[in-house]
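Residue numbers for the sequence shown, in the working numbering: 940 to 1235.
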Amino acid sequence: MAERIDGMAMRAAILDETRAEAARLLEKHGRKPGLATILVGDNPASVSYVSLKVKTALALGFHEIQDNQPADVSEAALLARIEAYNRDPAVHGILVQLPLPPHINESRVIHAIDPDKDVDGFHPVNLGRLVIGGEAVRFSPCTPAGILEMLVRSGTPTCGAEVTIIGRSAIVGRPLSIMLGQKGVDATVTLVHSRSANIREHCRRADILVAAAGSPRMVKADWVRPGATVIDVGVNRVGVNPTTGKAILAGDVDFDAVAEVAGRITPVPGGVGPMTIAMLMKNTMRSAWLHAGERP
Ligand code: GUN
């Protein structure tokens, strides 16, 4: 039976470390890490994600600016808000919750964020820095960064490991494939996608299998090498609990069957999800140190 990798416990540990760091920054430089979170409209999933981000930042002693804009805010007005945060020395991180309403060009919004305050790691400059690697890296996208952190903290070796990633999205699969191949991580990476041949064979070869395809329970037990570490990034709504009215979630992995074969596995919920917010806080902390002229 696989060991469960507990994302909630890991998040709590990272947040404790970040809270202590924020206190150190305050003592040394007399300032708090500053995070501006911009939410446009009232999409229920976005409202709930943003409120958790705000709550977490406040609990760490960050300076938090919650900027809620109506769904019909103009693109120009939104860009002006971002410009103001770019100039504000008390703000070290700017987060615009996605998706945005259709009348706003998402790419233009991401481009408007100062890359040195882009704690989501979505700006092309930061993705370019990630490809260069080493000292050039500024902010890694939060979900892939959370996955790397889970591998390290669970004691899963990456050096020389065969990793197969299912899914080539710009926020998870593709940046993760680059991060796992960096010097110091040193994995050998296979990135499979909807047009790949023999997906199952690529998965069966993996020491570490990352499922980020958005397809409920697609990874079956016979896709997994015995003893492999399985990281499930999927958050698929597969129904509604009739008593609570809450969504029933399933990952991209057929959890019960795969847990019989794998060495380690992340649950859904309670696996990768909680790590994403922890990494956002870590990126904001890192940005605050860099803005204070220190290399964290
Ligand atoms: N929407 C869903 N996930 C994310 C995220 O990580 N960052 C932002 N900005 N929006 C999101």
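Cβ atoms here follow ideal geometry from the backbone N, Cα and C, with glycine treated the same way.
Within the same chain, Cβ atoms closer than 6 Å to the Cβ of Arg1144 are found at Glu1101, the five residues on either side in sequence being excluded. A direct Cα-Cα distance of roughly 19 Å separates Glu960 from Cys1081. The criterion of a C-beta distance shorter than 9 Å is satisfied by Gln1036 and Val979. The bridge partners DSSP lists for Val979 are Gln1008. Secondary structure note for Ala1189: its beta strand (DSSP E) is the uninterrupted segment 1186-1189. If you compare the alpha carbons of Asp945, Ala1198, Pro1208, Ile1170 with that of Ile1187, the shortest gap goes to Pro1208. In the DSSP assignment, Leu1130 is bridged to Ile1104. By the C-beta density criterion, Val1172 is buried, having at least 16 other C-beta atoms within 10 angstroms. Taking 4 residues as the minimum length, the alpha helix (DSSP H) runs contained wholly in the region 982-1056 are 983-998, 1014-1026, 1045-1051, in order along the chain. Taking the Cα of Asp1191 as reference, the smallest distance to any Cα among Leu1090, Ile1105, Thr1168 is reached at Ile1105. In the structure shown, Val1207 adopts coil according to DSSP, grouped into three states.
Judged by the Cβ position, Asp1053 fails to qualify as a neighbour of the ligand GUN at the 8 Å threshold, every heavy atom of the ligand being at least this far. When distances are taken from the beta-carbon of Phe1194 to the heavy atoms of the ligand GUN, even the shortest one reaches 8 Å or more. Distance from the C-beta of Ser1226 to the nearest heavy atom of the ligand GUN is not below 8 Å. Secondary-structure assignment with DSSP links Asp1171 through a beta bridge to Ala1150.
Taking C-alpha positions only, Gln1005 is separated from Lys994 by approximately 10 Å.
Gln1121 has its CB no nearer than 8 Å to any heavy atom of the ligand GUN. Rounded to the nearest angstrom, the Cβ distance from Lys1122 to Gly1073 is 7 Å, consistent with a contact under 8 Å.
Pro1009 and Arg958 have their C-alpha atoms spaced approximately 32 Å apart.
Taking C-beta atoms under 8 Å as the contact rule, His1141 and Val1128 fail to qualify, at a distance of about 11 Å.
When secondary structure is reduced to three states using DSSP, Glu1233 falls in the coil class, being assigned neither helix nor strand. DSSP places Val1177 within a strand segment (E or B) once states are collapsed to three. In this structure, Pro1063 keeps its C-beta atom at 9 Å or more from the C-beta atom of Ser1226.
At the C-beta level, Val1158 and Val1197 come within 9 Å of one another.
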